[in-house]
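Below is one structure, written out as structure tokens; the observations come after it.
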Amino acid sequence: MIAAVLMAVQAFAQDGKDIYNRYSGREGVSAVYISPAMFSLMKALPDVPVDDGDVNFGAIIKTFDGMYILDVEDGKLASDLESELAAMVKKNRYEFLMETSDESGKMRMYVAREDDTVTDFLMTAYEGAGISVISISGKMSLSELHKLIRR
Amino acid sequence: MDTKTVFSENIDPPAGLGQELSDMIDSMDAAEKLLSGSRRSAGKSRKYYLSGAAAGIVLSAGLWVAAEMSATPEDTFADPVTAYAETKKILESISDRMKGGLARVADAEEAIDKNVGIIKTLYLP
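Right, here's the structure in full:
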């Protein structure tokens, strides 16, 4: 019965916020969280003029409604987090976007979208035994994401 | 002193004594069964009570863990200007990583095109 309850809790935990709650505050973990309320306040900030050809980050940031970052140095914790992220990617129907690999490590990017709107962006970077995760939710258009890539 | 008591094997027991004794034994037997049955059911009740208490504890612990995990975290930054600046830095970092990946793709494409050109020069009329 204990195993059944723990398994149910584990299944419930495979959401970005839940994963953040489970890992932030632990030893060897750096965490950043920006809430929907904070992004609402950011929308009220005045637009910063940008030069032609430069990416208007302000316009992109104003489409966000939540972000968290986890930086895990401990190898065992990083391995556990990687497993949870893999399960979350599968459950939430993320699409694989890109993977790069070099001498410093490997990086993967995933997006979840509704038609031409990106609702979730997930980036995982592996360096040594550690892992860094950036998760952004919002309503970003594919064309804005394209500008980020091509800047 | 001689009591002149005579012990004989032929003394008849009082009428009905046998039946009375049999009835008494039956009732004692029944009482014993009743007592042992109630002891067993008391044991069962204790087991059910403990199982229920353990299930309640496990369920409460599971609900508490679930509540903790779904709680809204605290904002890292206290003001939107700082949060905006940090978000912009993160987006720039993501953009740089994406560009790095695509640059390697472009390099690979260029290398492939160059090699295909060499092959065409060597083997095609």
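If you read the protein sequences in the order shown, they are chains A and B. Under the working numbering, the first sequence is numbered contiguously, ending at residue 434. Under the working numbering, the second sequence is numbered contiguously, ending at residue 362. Note that beta-carbon positions come from the ideal geometry of N, C-alpha and C, so glycine has one too.
Validate contact between the region 419-432 of chain A and the region 248-267 of chain B using beta carbons, cut 8 Å, 3 pairs: no
Close Cβ partners of residue 390 of chain A (< 6 Å) along its chain, the five nearest in sequence each way excluded: Translated into positions along the first sequence, residue 390 of chain A becomes position 107. Cβ within range, chain order: 383 and 408.
Inter-residue spacing [alpha-carbon to alpha-carbon] between residue 369 of chain A and residue 363 of chain A: Start at 1 with the first residue of the first sequence, and residue 369 of chain A comes out as number 86. Start at 1 with the first residue of the first sequence, and residue 363 of chain A comes out as number 80. Those two C-alpha atoms are separated by around 10 Å.
Residue 324 of chain A at chain B interface by Cβ criterion, 8 Å: Position 41 of the first sequence, counting from 1, holds the residue named residue 324 of chain A. Answer yes: the Cβ-Cβ gap between residue 324 of chain A and chain B drops below 8 Å somewhere.
CB contact below 8 Å: residue 348 of chain B versus chain A: Numbered from its first residue, the second sequence carries residue 348 of chain B at position 111. No, because no Cβ of chain A sits closer than 8 Å to the Cβ of residue 348 of chain B.
Residue 352 of chain B burial status per 10 Å Cβ neighbour count (16 or more: buried): For the purposes of this step, residue 352 of chain B is taken as residue 115 along the second sequence, with counting starting at 1. So residue 352 of chain B ends up on the exposed side.
Rounded separation between residue 353 of chain A and residue 347 of chain B - CA only: The count along the first sequence starts at 1 and reaches residue 353 of chain A at position 70. The count along the second sequence starts at 1 and reaches residue 347 of chain B at position 110. Taking the straight line joining both Cα atoms gives about 36 Å.
Residues sharing a beta bridge with residue 383 of chain A, DSSP: Along the first sequence, one-based indexing puts residue 383 of chain A at 100. In DSSP, residue 383 of chain A forms a bridge with A/390.
Outcome for residue 379 of chain A when other beta-carbon atoms lying within 10 angstroms are tallied against a minimum of 16: Within the first sequence, the letter at position 96 stands for residue 379 of chain A. So residue 379 of chain A counts as exposed.
Interface residues of the region 317-338 of chain B facing chain E [CB-CB below 8 Å]: In the displayed structure, chain E is absent; the protein chains listed are A and B.
Proximal chain B residues relative to residue 340 of chain A, where beta-carbon distance stays under 7 Å: Position 57 of the first sequence, counted from the start, is the residue given in the question as residue 340 of chain A. Here the neighbours are 325 and 328.
Neighbouring residues, chain A, relative to residue 313 of chain B (Cβ below 8 Å): In the second sequence, the residue the question calls residue 313 of chain B occupies position 76. Result: 314, 315, 316 and 317.
Alpha carbon of residue 385 of chain A to alpha carbon of residue 418 of chain A, nearest angstrom: Translated into the one-based positions of the first sequence, residue 385 of chain A becomes position 102. Translated into the one-based positions of the first sequence, residue 418 of chain A becomes position 135. Roughly 22 Å between the two C-alpha positions.
Length of the line joining the Cα atoms of residue 294 of chain B and residue 281 of chain B: As a working mapping, residue 294 of chain B is identified with position 57 in the second sequence. As a working mapping, residue 281 of chain B is identified with position 44 in the second sequence. Taking the straight line joining both Cα atoms gives about 20 Å.
Runs of alpha helix (DSSP H) wholly within the region 342-427 of chain A (minimum 4 residues, chain order): 358-374
Proximity of residue 331 of chain B and residue 405 of chain A at Cβ, strictly below 8 Å: Within the second sequence, numbered from 1, the residue matching residue 331 of chain B stands at position 94. Within the first sequence, numbered from 1, the residue matching residue 405 of chain A stands at position 122. No, the pair does not count as a contact, with Cβ atoms beyond the cut-off.
CB-CB length for residue 414 of chain A against residue 361 of chain A, believed under 8 Å: If you number the first sequence from 1, residue 414 of chain A lands on position 131. If you number the first sequence from 1, residue 361 of chain A lands on position 78. Confirmed, about 4 Å.
Range of the contiguous alpha helix (DSSP H) that encloses residue 318 of chain A: To locate residue 318 of chain A, count along the first sequence from 1; it is residue 35. Neither: residue 318 of chain A is in no alpha helix (DSSP H) and is coded neither H nor E.
Cutoff 8 Å: residue 414 of chain A Cβ touching any chain B Cβ: Position 131 of the first sequence holds residue 414 of chain A. Not closer than 8 Å to any Cβ of chain B, the Cβ of residue 414 of chain A fails to qualify, so no.
Own chain residues within Cβ distance below 7 Å of residue 387 of chain A, not counting five before or after: As a position in the first sequence, residue 387 of chain A is number 104, starting the count at 1. Same-chain partners within the cutoff: 410.
Bridge-paired residues (DSSP) for residue 312 of chain A: Here residue 312 of chain A refers to the residue found at position 29 when the first sequence is read from its first residue. Partner(s): A/355.
Residue 318 of chain B, buried or exposed, once every other Cβ within 10 Å from all chains shown has been counted against 16: Reading the second sequence from its first residue, position 81 is the one you call residue 318 of chain B. So residue 318 of chain B ends up on the exposed side.
Nearest residue (CA-CA) to residue 311 of chain B, options A/403, A/358 and A/317: In the second sequence, counting from the first residue as 1, residue 311 of chain B sits at position 74. Out of A/403, A/358 and A/317, A/317 has the C-alpha closest to the C-alpha of residue 311 of chain B.
Neighbouring residues, chain B, relative to residue 303 of chain A (Cβ below 7 Å): Taking the first sequence and counting its residues from 1, the one referred to as residue 303 of chain A is at position 20. Chain B residues near residue 303 of chain A: 310.
Assigned exposure category for residue 327 of chain A - 16 Cβ within 10 Å defines buried: In the first sequence, residue 327 of chain A corresponds to position 44, counting from 1. That one is exposed.
For residue 321 of chain B, the nearest candidate out of A/312, A/305 and A/329 (CA to CA): In the second sequence, counting from the first residue as 1, residue 321 of chain B sits at position 84. Residue 321 of chain B has its Cα closest to that of A/329, out of A/312, A/305 and A/329.
Under 8 Å between C-beta atoms of residue 308 of chain A and residue 356 of chain A: Within the first sequence, residue 308 of chain A is the residue found at index 25, counting from 1. Within the first sequence, residue 356 of chain A is the residue found at index 73, counting from 1. No, the Cβ-Cβ distance between residue 308 of chain A and residue 356 of chain A is not below 8 Å.
is_contact[residue 406 of chain A, chain B] using C-beta, thresh 8 Å: As a first step, residue 406 of chain A is located in the first sequence; it is residue number 123 there, counting from the start. Cβ-Cβ to chain B under 8 Å: yes for residue 406 of chain A.
Closest by C-alpha distance to residue 412 of chain A, when choosing among A/365, A/401 and A/393: Counting from 1 along the first sequence, the entry for residue 412 of chain A is found at position 129. Cα-wise, what sits closest to residue 412 of chain A is A/365.
Residue 329 of chain B - DSSP class collapsed to helix/strand/coil: Within the second sequence, residue 329 of chain B is the residue found at index 92, counting from 1. Residue 329 of chain B falls in the helix class under three-state DSSP.
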